[in-house]
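Going line by line, the protein sequences match chains A and B.
The first sequence: position 554 = 554 (the working numbering), numbered continuously.
The second sequence: position 76 = 893 (the working numbering), numbered continuously.
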Amino acid sequence: MTKQKLVIVGNGMAPGRMLEFLFDKDKDAYDVTIFNAEPRVNYNRLMLSPVLSGEKTYEDIITHGDAWYAENAVTLHKSARVSEIDREAKTVTSENGITAPYDKLVIATGSNPFIIPLPGKDLDGVLTYRDLDDVEKMLAAAKRGGRAVVIGGGLLGLEAAAGLKMQGMEVTVLHLMPTLMERQLDPSAGFLLEEEFKRRGIDVRTKANSHEIVDDGTGKVRAIRLDDGTEIEASIVVMAVGIRPSADLAKAIGLETNRGVLVGDDMRTSDPDIFALGECVEHQGMCYGLVAPLYEMAGVIADNLLGETSEYTGSVTATKLKVTGVDLYSAGDFVEGDDREEIVLRDASAGVYKRLVLKDNKIIGAVLYGETADGPWFFDLLKKGTDVSEMRETLIFGQAYQGGAPLDPTAAVAALPDDAEICGCNGICKGKIVSAIKDKGLTTLDGVRAHTKASASCGTCTGLVEQLMQVTLGDAYNPAAVTPMCGCTHLGHDEVRRLIKSKELKTIPSVMQELEWTSSGGCAKCRPALNYYLVSDWPDEYADDYQSRFINERVHANIQKDGTYSVVPRMWGGQTSSKELRAIADVVDKFNIPTVKVTGGQRIDMLGIKKDDLPAVWADLGEAGFVSGHAYAKGLRTVKTCVGSDWCRFGTQDSTGLGVRLEKFMWGSWTPAKVKLAVSGCPRNCAEATCKDVGVICVDSGFEIHFAGAAGLDIKGTEVLGLVKTEDEALEYIVALVQMYREQGRYLERIYKWAKRVGYDEVRQQIMEDAEKRKAYFDRFVFSQKFAQVDPWTERVSGKDKHEFRPMAVLQAEAAE
Amino acid sequence: MNAETRNWVEIGDLTDIPREGARVVKTKAGCIAVFRTVDDAVFALDDRCPHKGGPLSQGIVHGTSVTCPLHNWVFDLSTGVAKGADEGSVPVTAARVEGGKVLLAADDLARRGE
């Protein structure tokens, strides 16, 4: 029997493995010829990262050396890129003129790195990360030093970044999505990974959209510019945003292609004598870039080449990041779903995050960070579809685990360092409290308060102090039950707020990780609360998460029962003018707004506006000088005033003027719940200031400041804070009071409830008597206003969040054909 | 499942929808809310809460649930069934992502039109 001829186009890892399978089964079935566009033998592409980082050399990663080809009588044409395939004559011809006939052909052309079509993409110094040539270019660049900018925070990009850093370059990673490796990792693990890279001195920027690569004037890279205008100096730019199946050759010879070369389950293309293998393949809509599926395909083709009938049925894939010192493993499908359950284990002190996704008592997905030893075990259970109901309780602890104790709710506090501040009011750190408990034999909360002053002022750290007592005293102490924020945590609002400060947590995923949230993504209760706490505590650093805000704050209008919106422009201190009123009248006519109403806060409310119309309504209002009235915000709403000494015969001070001043100073600030102010020009109190969150009654001798009133679900007259002499003082004291509330209030807790909880005297003491504290509150408010006083309507008129106001698609016919 | 045998209608790019957010698709039989979860799964429900008609597309998306913006009913995105003590459900339109495009099942869309 004459041997059949097998020709392979491409000499990557997949055909290499296919030949191993083939030769194992029947060494003599085929005469094999390989065309390789690269001038090399077969090497292990997965090991490029260790070559880049200097941990391995090219020689270390060769899979099949020249000897192997000789031994197996394989003809390897190096540097021979195939340019023609004649399917009639069954021949393959390369650019350099070598022709080989075939009986069976395997196309394994692999993939090409995806080049983002940025201006400057062709400059000298713009590299990709795909083969050894790329690695050599990067190593040469690293010798010259400077900064490398890696575009892409996926597997390849991060490995390139870590390698370049180890070669001594400064490295910046730009990633379009909010978290790294979002295709393989859930946001919690992505966050941990980002922290680790930052710890290594790699500058990671998420949500970073590249705009252009900047020329240094000689055709070389000088910098990269982002959409927001930021410019980052760069001596090289590495594009590692993904790969595209290389299907051009297959397409040119008339095989069916889509994204990749289309194959059936037998791995045959639309020509039964031609197989396709590896990254160039598209099978049932999937293209694979990881090695395990490619090896599975290789096995199927080897079988089918020998006349067996073997089928490829798609692969579940597992990913491991190959960066020394980073333990990360991800496998399968970790999207949540109704029919799925999750098991989450977080150990904040050890930096461990593990999440298993189960369906019908079987593991279908796993994400492990920090401790990945059980990854292959989970992956094995996943692939085999093992029923895990028997070991469910202890599954997450891994293979070696038998039995086990319940998780300790005080672990987060126990893990705090001794110098972590527990009581912010009195500056008391953990070590001081613990040593007081031990040295003085304290067993009660009052005892700790008396000896350390911790939790003796505003009381928000009470829960933490109690947990410390439990950690220190064990069963000898039983803390009062704390109401948890929501079902995702055992911690109450106050503990969460304190820990956000003392552990310097600055993102929602970091709060959830460090405070050991029991759900992977929070819920509609905790997410808006956490978003507020972070906005309030880190005004300059925290990036507001709009998807964690209620719809009213997301679109800056008030949703009504029929899904339309109402719009309330700001009228400073309740004053308006003919120009403003005319503009409102025009808007009402133009947009057929059905209802116009004067509100209790001295504003004009336009109701029944279609969501799609909001930006246009704001554009017209903006032209008349209006800005958002924040009638939808957990923030400063209105300052209501009477006309005061300008007009009123009883007026003692310029109450309108003070109201306008307060409103101009405080607008835009976010608060735990809505805040409404009023200023009355005399004790007749026409502005009804004594039922407001903060009110001012002007008197001849100055300004009487009131707080903690309510006229809603509860009715409550205000408490008097104190009397100040000047308008400047009134402003400072009121702002300080509101800042104190911003820092201590629980989300959705109005001022009157907060003040009652912490004690009216405590508030008076801190604001009226402690000048230093008052000044500090005031300064922190002023600082946060730098970032808060941006008119959201103007932003949206200029295009921000435009997706919110347009349908994604309009389907005409229902397209059922 | 039998994704191959169904007809699908493309409505736009996955990236048109913010993560943990939703967009509206207008149809003759009323609006559909198309949701994208934090890990890029998509789901489509009628944009109408069975309680008081609230637009679910405007709610907060958490995990694979959405909370109605009007009265905080919570629905499972994959089944459209209300969670917790509330009883009710919203019609589901099968949705999937292919090649970065969001697709809705044509037969589900047609059924809504009847």
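Cβ coordinates follow ideal geometry from the N, Cα and C atoms, glycine included.
According to DSSP, residues forming a beta bridge with residue i
| i | result |
| --- | --- |
| Pro226/A | The amino acid at residue 226/A is misidentified as Pro; the sequence shows Leu. Answer is Ser210/A, bridged to Leu226/A. |
| Arg641/A | Contrary to the premise, residue 641/A reads as Thr rather than Arg in this sequence. BP columns for Thr641/A point to Val679/A. |
| Val7/A | Thr33/A and Leu105/A |
| Ser330/A | Thr319/A and Val367/A |
| Asp345/A | Per the sequence shown, residue 345/A should be read as Leu rather than Asp. Looking at the DSSP assignment, Leu345/A forms a beta bridge with Lys354/A. |
| Tyr565/A | Ile559/A and Ile609/A |
| Val699/A | Gly702/A |
| His77/A | Phe35/A |
| Glu170/A | Arg147/A |
| Phe860/B | Phe852/B |
| Arg268/A | Phe275/A |
| Ala711/A | Ile715/A |
Proximal residues of chain D, C-beta to C-beta of residue i below 8 Å
| i | result |
| --- | --- |
| Asp227/A | Protein chains A and B are contained in the structure displayed, whereas chain D is not. |
Assigned secondary structure, residue i (DSSP; H/G/I helix, E/B strand, else coil)
| i | result |
| --- | --- |
| Leu382/A | helix |
| Trp572/A | helix |
| Gln789/A | coil |
| Tyr43/A | strand |
| Gly403/A | Note on Gly403/A: pLDDT 39, under 50, position unreliable in the model; the coordinate value appears next. In this structure, Gly403/A counts as coil in the three-state DSSP scheme. |
| Ile433/A | helix |
| Asn96/A | coil |
| Ala923/B | helix |
| Cys848/B | coil |
| Asp248/A | helix |
| Thr518/A | coil |
| Ala454/A | coil |
| Cys423/A | strand |
| Asn258/A | coil |
CB contact check: residue i to chain B, cutoff 8 Å
| i | result |
| --- | --- |
| Gly625/A | no |
| Gly404/A | Low confidence applies here, because Gly404/A scores a pLDDT of 39, under 50, leaving its location unreliable and the question unanswered by this model. |
| Leu811/A | yes |
| Gly152/A | no |
| Lys561/A | yes |
| Gly285/A | yes |
| His803/A | yes |
| Pro807/A | yes |
Chain A contact for residue i (CB, 8 Å cutoff)
| i | result |
| --- | --- |
| Met818/B | Per-residue confidence for Met818/B stands at a pLDDT of 48, beneath the threshold of 50, marking its modelled position as unreliable; the derived number appears in the next sentence. Taking Cβ atoms only, chain A never reaches closer than 8 Å to Met818/B, which makes this a no. |
| Lys918/B | no |
| His879/B | yes |
| Ser906/B | no |
| Gly835/B | Just to set this straight, residue 835/B is Pro in the shown sequence, not Gly. Judged by the 8 Å Cβ criterion, Pro835/B is in contact with chain A. |
| Gly847/B | no |
| Leu831/B | no |
| Val909/B | no |
| Thr844/B | yes |
| Thr884/B | yes |
| Thr822/B | no |
| Gly838/B | yes |
| Ile828/B | yes |
| Val841/B | yes |
Along the segment 81-102 of chain A, where does the CB come closer than 9 Å to a CB of chain B? Name the residues.
none
Along the segment 535-558 of chain A, where does the CB come closer than 9 Å to a CB of chain B? Name the residues.
Asp545, Tyr546, Gln547, Ser548, Arg549, Phe550, Ile551, Asn552, Arg554 and Val555
Using 8 Å as the cut-off, can you tell me whether the segment 208-220 of chain A makes contact with the segment 111-119 of chain A, which would need three or more C-beta pairs spanning the two stretches below that distance?
yes
Using a beta-carbon distance cut-off of less than 9 Å, what residues from the segment 234-263 of chain A approach chain B?
Asn258 and Arg259
Taking contact to mean at least 3 C-beta pairs separated by less than 8 Å, is the segment 918-931 of chain B in contact with the segment 834-850 of chain B?
yes
Count the CB pairs spanning the segment 243-258 of chain A and the segment 218-231 of chain A that are closer than 8 Å, and state whether there are at least three.
no
Taking any Cβ of chain B, which residues in the segment 509-535 of chain A have a Cβ under 8 Å from it, in chain order?
Ser519, Ser520, Gly521, Gly522, Cys523, Ala524, Arg527 and Pro528
Going along the segment 665-684 of chain A in order, which residues come within less than 9 Å of chain B, judged by CB to CB distance?
For the segment 665-684 of chain A, which is checked against every Cβ of chain B, not one residue is closer than 9 Å.
Between the segment 762-778 of chain A and the segment 589-601 of chain A, are three or more C-beta pairs nearer than 8 Å?
no
Any contact between the segment 341-350 of chain A and the segment 292-300 of chain A? By contact I mean 3 or more CB pairs, one from each, below 8 Å.
no
When you compare the segment 507-514 of chain A with the segment 522-537 of chain A, are there three or more beta-carbon pairs, one atom per stretch, that lie closer than 8 Å?
yes
Please determine if the segment 171-179 of chain A and the segment 256-265 of chain A are in contact, where contact requires at least 3 C-beta pairs separated by less than 8 Å.
no
Residues of the segment 853-868 of chain B whose Cβ lies closer than 7 Å to any Cβ of chain A, in chain order:
Thr854, Val855, Asp856 and Ala858
Can at least three beta-carbon pairs, one atom from the segment 641-648 of chain A and one from the segment 666-675 of chain A, be found at a separation below 8 Å?
Look at the beta carbons and you see the segment 641-648 of chain A not touching the segment 666-675 of chain A: under three pairs across the two are nearer than 8 Å.
Would you call the segment 75-93 of chain A and the segment 351-358 of chain A touching, i.e. three or more CB-CB distances under 8 Å?
no
Any contact of the segment 608-625 of chain A with the segment 797-807 of chain A, i.e. 3+ C-beta pairs under 8 Å?
A contact exists between the segment 608-625 of chain A and the segment 797-807 of chain A.
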